[in-house]
Each structure stands twice: as structure tokens, then as C-alpha cells.
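Only one structure is covered here, and it is reproduced in the block below.
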Amino acid sequence: MFLEILLFILLGAFSGVIAGLLPGIHPNTLIVLLFGSLTLISGYPVYAIVSFIISMVVVNTLVGFIPAIFLGAPEDSTALSVLPGHRLLMEGRGLEAVYLSVIGGIGVVLLFSLSLPLLIKVLPFLYENIKSYIPFLLMGIVSVMILTEKGIQKLWGVVAFTLSGILGMITLNSYLVQPTFVFFPLFSGLFGISTLLLSLKSKTKLVKQFENFGVVDRSLAILGSIKGFLAGLIVGILPAVGSAQAGTLVQIIARKEDAKEFLVSMGGINAANTLFALAALYIIGKPRSGAAVAVDRLVENFGFNEMLLLVGVTLFATGLGVILTLNISKRFLNILGKISYDKISISVIGLITILTLIFTGFYGLLILAVSTAIGLIAPLANIKRSLLMGVLILPTIFLYFGLI
Amino acid sequence: MENKLLIYLSLASSVIGLTIIYIASQNVELNLTSIGMVTYDDVGKNVRVCGRIDSIFTSRQNHVFFKLEDHSGEIDAVVFNSSTNKLQVQDLKKGDLVCVSGRIDEYEDKLEILPQKIERE
């Protein structure tokens with residue numbers, strides 16, 4: 011049993027690397043494919059399959075920072091890391107950006123393991139008491155984000171938030187694109203292609219990347235991890251709140267303009283998302299992520315021991331994911347350094363467009379074009395890019411008020 | 016190109032694009048699928064199925080459950096209380112012919128559809 015689980019963790023990590031590096035391949039897509047091939051998995055022990063899924067998701071979230079930061083091709087969970095990551099990349103500190111995200115992941119895994127006994131007592135209380143305040147919390151976050159813009163930029167903030175929100179309301183509740191794939195054109199346009207187009211316009215050149223970036227400030231790592239942990243707590247237990255909304259929350263409480271701390275927190279939120287979703291499955295009996303839904307379907311009685319096993323799998327997969335991410339980042343940067351950044355940008359835009367066409371057809375391309383246009387507004391008006399998270403925040407607020 | 020011009024171009028493209036997407040989203044209909052053709056591969060996907068309501072009941076929490084059947088099979092449909100008014104399910108009764116568009120979900124090892132649109136035939 012132990013060896014089987016170990017083998018499946020390694021296989022999961024391999025799949026996580028592939029899904030993490032390829033834009034548009036979300037782990038949920040792989041989980042759906044896995045369940046689609048029931049004959050393929052029916053002969054193996056349930057816990058080995060579940061370990062495969064958890065390992066794949068954990069490694070994918072870590073490796074996913076590589077295309078998000080180096081290429082500007084994010085998933086929904088890494089979208090907010092594009093801009094601060096890109097900024098560091100342009101200063102020759104791309105490797106440091108990935109390193110910071112990874113630190114957040116490890117920090118949160120450690121915090122989670124230490125606080126697990128307390129969480130078991132606290133989570134049900136939090137779940138019952140926070141859920142009715144979520145729409146107000148989100149509205150408060152957005153208001154603060156808009157009001158902290160200067161002068162006319164407040165108006166542009168409202169415009170960017172409203173337009174992205176309307177885009178989310180229309181596309182997430184329509185039959186234009188299958189729900190499994192709709193986030194790909196949305197986030198690639200809002201955060202990816204818009205960033206790459208502006209890089210092309212400004213004739214960006216990838217500066218020489220530092221392989222050694224000194225010691226990361228300890229307080230930065232701890233603070234970022236704690237913020238990621240707390241935001242991840244909200245993501246893990248509440249329905250319809252994802253890494254992106256939690257990241258927006260962190261951006262409010264993060265030190266102003268501190269891209270580094272924000273990257274640590276985003277790494278932490280993604281790790282927390284997996285862990286808290288498992289904890290929520292055991293403690294409040296509700297699956298809160300694609301992986302947790304899969305676990306819920308596969309494991310008949312999800313008790314304390316089952317949760318402990320999967321937390322162990324998460325810890326191990328995180329360690330594995332960290333090593334893989336750091337190694338792949340170095341190789342990735344070496345390759346990037348040999349090609350002109352304009353060529354890379356054009357190739358990535360081409361790749362995203364082709365993948366959008368394959369996965370989502372004509373309507374996906376239309377969504378990609380419109381989300382790119384909306385995505386350009388924030389950097390051109392020099393306002394916070396996270397206001398574009400209206401794409402998820404506005405539909406979430408409407409959902410909580412029962413309006414959609 | 017000036018940033019100011021670019022931003023207004025982006026704004027114009029966004030508004031025009033959103034209008035086109037909205038119009039398209041109102042007119043796009045899913046292809047009709049036989050109930051028997053819905054499988055576990057479809058979990059998470061949107062489908063459109065048509066059939067006769069075989070049974071229907073409302074829970075104490077006001078969620079509405081009905082079973083839809085056609086020549087090829089049957090599937091449970093669940094309308095949560097937050098959507099019952101919007102979908103006007105109060106008028107539905109056993110024997111009604113309806114087409115349901117919605118997302119396929121799995122609950123307790125059974126497939127079910129979560130309707131987003133219900134058309135009476």
C-alpha cells in the first residue's frame with residue numbers, strides 16, 4: 011500500500027508538472043479526464059488514486075507560477091502573480107519571483123500542519139459565522155481598492171472593475187464555452203496577453219537574470235506566509251471564493267507596493283487552498299475544490315485518518331514540487347535567455363490563441379479578445395490590475411445575494 | 016501610439032465586445048442530448064436534455080427535485096431554492112414535457128442536472 015501510494019504521488023507530480031507548464035491545462039481538466047477513463051483507474055486502490063490527484067494539484071500550483079511569471083500565461087489561481095512576477099523578471103530577478111512564491115507554499119504547509127488541532131475546533135465556527143458576511147467583505151475590499159486610487163484613476167478603477175465584472179457575469183452563466191475551459195480565455199486575456207502586448211509595445215528586452223539573489227528577508231517570508239494562510243483559510247472553507255478573491259484581499263492588507271511579500275502570499279494561498287479544502291471536507295463535510303470533490307467521490311467515509319493521510323501526501327508533494335519548480339525555473343530561464351523576449355511574447359500569444367480555439371472554439375476567441383481589451387485598461391490607466399478580478403468578484407457578490 | 020488613444024480604443028473594444036458576447040450568449044443554445052447519452056464524462060459540462068417529468072416534489076427547504084425521462088433513460092434534476100422563482104418551477108407538474116439546459120453534477124454516485132434554463136414544450 012505504502013509503495014503504491016508513493017508511486018502514485020510521483021506519477022501525480024509528473025502530471026502536475028505537465029499541467030503546470032502548459033497554459034490552459036487546469037488540474038480540474040485532468041481530474042475530469044481521469045474520471046472519464048474510469049476503466050484506467052478502477053483496478054487501483056482508492057487511496058493511491060486520491061494521492062495521485064492531491065500530488066498533481068499541489069505540484070501543478072507550484073509549477074504553475076513558472077509560465078505565469080516568465081511568460082505571462084496564468085491560470086485563475088496564479089493570475090494576480092503575473093504583474094509583480096513580471097516586474098521582478100524585468101529587473102533580472104525572475105528566479106527570485108518563483109522562489110518567493112515557493113516559500114509561501116512551504117510556509118503555509120508548515121503553518122497548516124502546526125495549527126491542524128486548533129483548526130479542527132475553529133473551522134466549523136468560522137464557517138458558520140463568516141459566510142453571510144462574504145459579499146459585504148468583497149464589496150468592502152473593492153471599495154478600498156477603488157478609493158485608494160488617485161483622482162481620475164478612481165473612475166478608471168470603477169470602469170475596469172465593472173467591465174470585467176460584466177464580462178464574468180455574462181460568460182460564467184452562458185453556454186458560449188463549457189465551464190471547464192471558460193477561465194482560460196478569460197484570464198489569459200485579462201492578465202496574460204494584455205501584459206505581453208504592452209511588453210511588445212515597449213520593446214521589452216529580457217535582462218540578464220540573476221541566479222543568486224541573496225537571502226530572502228525572514229520577516230517577509232513569515233508575514234507573507236501568515237497572510238497567505240489566513241486568506242487561504244477563507245478560500246478553503248467558503249463556497250464561491252477562490253484564490254483570486256483571496257489574493258485581492260491580501261493585496262489590500264499587504265504592504266503597499268511590496269511585490270515580494272505579495273508573491274509569497276500568493277504561493278501560500280494556493281497551497282492553503284488544497285489543504286483547507288481537505289480539512290473542510292473532513293470538518294464541515296463539504297468539498298471546496300476540484301480535488302476535494304474527487305476525493306469526496308472516491309472515498310466513502312472521509313474521517314480523521316483519511317484526512318491525515320492526505321495532509322501527509324500534501325506535505326510530501328509540496329517538498330517534491332518545490333524541488334521540481336526551482337530546477338525547472340533555472341532551465342526555463344536559461345532557454346528564455348537565448349531567445350528574444352519579443353519572439354517569446356509573440357509565440358506565447360500565438361500559443362494561447364491556438365489553444366483557446368482548440369478548447370473553446372470561436373466564442374472562446376471572442377472572449378479572449380474582449381478580455382484582452384479590458385485587461386489593457388488597467389495598466390494603461392495606471393490603476394491596480396487586481397481590479398480586473400471583478401470578473402470573479404462581481405458574479406460572487408451577485409451569487410451570494412441570489413441575483414444570478 | 017499615445018497611451019490616451021490606446022486606452023479609449025481598449026474601452027471602445029471592450030464595450031462593443033461585451034455587447035456582442037451578451038447578444039451571442041442570449042441566442043446560443045446547446046445541442047440536444049438524449050438523456051441516456053449523458054455519462055460521467057459530462058460532469059461539469061453544460062448539456063440540454065428534453066423529456067417528460069416522471070415525478071416532482073418540493074423539499075421543506077423549498078428545493079425542487081424532479082425526474083426527467085425520455086426514450087433513452089432518466090435523470091434527476093435539482094433546482095435549489097435560490098433559483099426556483101427565476102426558473103418558475105412552481106408551475107411544473109408530473110407529465111409536463113420540458114427541455115432543461117444546465118450543468119451535469121454527481122451526487123451520491125448518481126448523475127443529476129442542475130437546470131439553468133427550463134423550457135416548456
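Going line by line, the protein sequences match chains B and U.
Residue numbering for the first sequence follows this note's numbering, beginning at 11 and increasing consecutively.
Residue numbering for the second sequence follows this note's numbering, beginning at 16 and increasing consecutively.
For glycine and all other residues, C-beta sits at the position ideal for the given N, C-alpha and C.
query	result
Beta-carbon spacing of residue 277 of chain B, residue 168 of chain B below 9 angstroms	no
For residue 70 of chain B, the nearest candidate out of B:17, B:207, B:301 (CA to CA)	B:301
Assigned secondary structure, residue 90 of chain U (DSSP; H/G/I helix, E/B strand, else coil)	strand
Rounded distance between the beta-carbons of residue 275 of chain B and residue 218 of chain B, thought under 8 angstroms	About 28 angstroms; that fails the 8 angstroms criterion.
Any C-beta of chain U under 9 angstroms from that of residue 21 of chain B	no
Span of the alpha helix (DSSP H), counted from its first residue to its last, around residue 195 of chain B	193-197
Any chain U beta carbon closer than 9 angstroms to residue 54 of chain B	no
Chain-ordered residues of the region 304-338 of chain B with a beta carbon less than 8 angstroms from chain U	307
C-alpha gap between residue 395 of chain B and residue 389 of chain B, whole angstroms	7 angstroms
For residue 79 of chain B, the nearest candidate out of B:135, B:206, B:29 (CA to CA)	B:206
Beta bridge counterpart(s) of residue 62 of chain U as assigned by DSSP	U:117
Residue 122 of chain U (DSSP reduced to helix, strand or coil)	strand
Beta-carbon neighbours of residue 148 of chain B, restricted to chain U and to distances below 8 angstroms	Result: empty, since nearest Cβ-Cβ is about 18 angstroms, beyond 8 angstroms.
As assigned by DSSP and simplified to three states, the class of residue 128 of chain U	strand
Own chain residues within Cβ distance below 8 angstroms of residue 58 of chain U, not counting five before or after	119, 120, 121, 126
Burial state of residue 196 of chain B, where buried means 16 or more other Cβ atoms lie within 10 Å	buried
Test: residue 33 of chain U CB closer than 9 angstroms to a CB of chain B	yes
Local conformation of residue 266 of chain B per DSSP, three classes	Per-residue confidence for residue 266 of chain B stands at a pLDDT of 49, beneath the threshold of 50, marking its modelled position as unreliable; no derived number is given.
Residues, ordered as in the chain, of the region 367-395 of chain B that lie near chain U by beta-carbon distance below 8 angstroms	373, 376, 377, 379, 380, 383, 384, 386, 387, 390, 391
Nearest-angstrom Cα separation, counted from residue 363 of chain B out to residue 121 of chain B	40 angstroms
Short Cβ contact (9 angstroms threshold) for residue 61 of chain B with residue 130 of chain B	no
Given 8 angstroms, three or more beta-carbon pairs between the region 375-384 of chain B and the region 27-36 of chain U	yes
Residue 175 of chain B versus residue 84 of chain U: straight-line alpha-carbon distance, rounded	37 angstroms
Minimum C-alpha distance to residue 39 of chain U - residue among B:280, B:398, B:373, B:229	B:373
Within-9 angstroms CB hit, residue 183 of chain B to chain U	yes
Where the region 43-54 of chain U meets chain B: residues whose CB sits under 9 angstroms from a CB there	43, 44, 45, 54
Euclidean distance between Cα positions of residue 53 of chain U and residue 259 of chain B	39 angstroms
Integer-rounded CB distance, given that residue 279 of chain B should sit under 8 angstroms from residue 257 of chain B	6 angstroms
Under the three-state DSSP convention, the category residue 49 of chain U falls into	coil
Cα-Cα separation between residue 156 of chain B and residue 64 of chain B, rounded to whole angstroms	37 angstroms
Where residue 190 of chain B meets chain U, residues with beta-carbon distance less than 7 angstroms	59, 60
Distance CB(residue 292 of chain B)-CB(residue 322 of chain B) smaller than 9 angstroms	no
C-beta atoms of residue 183 of chain B and residue 131 of chain U nearer than 9 angstroms	yes
For residue 79 of chain U and residue 99 of chain U, believed in contact at Cβ under 8 angstroms, the rounded distance	6 angstroms
As assigned by DSSP and simplified to three states, the class of residue 80 of chain U	strand
Per-residue burial, residue 103 of chain B [other beta carbons within 10 Å of its own, 16 or more giving buried]	buried
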